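In our numbering, the protein residues as written are 228 to 411.
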């Protein structure tokens with residue numbers, strides 16, 4: 228993946244799978260506007276962090292808040308680092324901004340992408356710091372606002388091994404069923 232940060236989305240199937248294990252994960256809503264986020268790497272895992280459109284509340288949040296990255300001081304929204312999730316490559320949807328039909332949203336994504344690319348090192352550093360704080364277990368208030376990174380990494384690996392590759396091999400599943408029935 229290198230040093231770049233990509234604008235992307237994640238499949239509904241994968242989001243719905245992870246939501247079974249962590250209720251902080253936001254639902255991929257069926258809208259004309261696709262959920263977009265950034266793809267970055269933390270400890271050899273690909274992580275997706277959702278983007279959020281500009282809202283007045285972002286102006287009141289400090290730039291030092293560890294769980295978000297304000298894009299142009301919040302004027303262009305934020306990256307919700309607290310909601311970042313590990314994602315297997317098979318579930319990443321590269322977002323071609325030029326194919327977005329809503330002109331206002333397309334312009335917002337272009338502007339966000341420009342600022343994100345200029346600040347990719349800061350974003351990665353902030354994401355890694357948040358990741359380590361959450362996994363250290365030292366800040367309960369912050370932890371309550373964040374995804375369960377280590378649990379989700381395990382579930383991401385399980386998804387990759389069992390579900391993503393062929394949505395469970397039918398022959399293997401029927402063989403396992405047969406073995407279980409033979410033992411009973």
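A virtual CB, placed ideally from N, CA and C, is assigned to each residue, including glycine. None of the values given here were measured: they were computed from a predicted structure.
Counting along the chain, no beta strand (DSSP E) covers residue 387, and no H or E run does either. A contact between stretches requires three or more CB pairs, one per stretch, nearer than 8 Å, and the segment 312-327 fails this requirement with the segment 345-355.
Contact between residue 340 and residue 307 is absent: CB atoms are separated by about 16 Å, not below the 8 Å threshold.
The Cβ-Cβ distance between residue 324 and residue 336 falls below 8 Å. It is roughly 14 Å from the alpha-carbon of residue 294 to the alpha-carbon of residue 284. Considered as a whole, the segment 339-368 harbours 347-363 as its complete alpha helix (DSSP H) runs of no fewer than 4 residues, in chain order.
For residue 267, the enclosing beta strand (DSSP E) covers residues 264-269. Each of 237, 263, 241 was checked against the Cα of residue 333, and the nearest Cα belongs to 263. Within its own chain, the residues whose Cβ lies closer than 8 Å to the Cβ of residue 362, once the five positions on either side in sequence are excluded, are 376, 377, listed in chain order.
Counting along the chain, residue 232 sits inside no beta strand (DSSP E), nor does DSSP assign it H or E at all.
Here the C-alpha atom of residue 386 lies approximately 36 Å from the C-alpha atom of residue 302.
Taken in chain order, the unbroken stretches of beta strand (DSSP E) that lie wholly in the segment 289-330 and span 3 residues or more are 295-297, 305-307, 319-321. The Cβ atoms of residue 238 and residue 367 do not sit closer than 8 Å to each other.
Within the DSSP bridge table, the entry for residue 278 names 306 as partners. Here residue 290 is exposed: its Cβ has fewer than 16 other Cβ atoms, across all protein chains shown, within 10 Å.
In the assembly as shown, residue 282 is an exposed residue. Its beta-carbon has fewer than 16 other beta-carbons within 10 Å.
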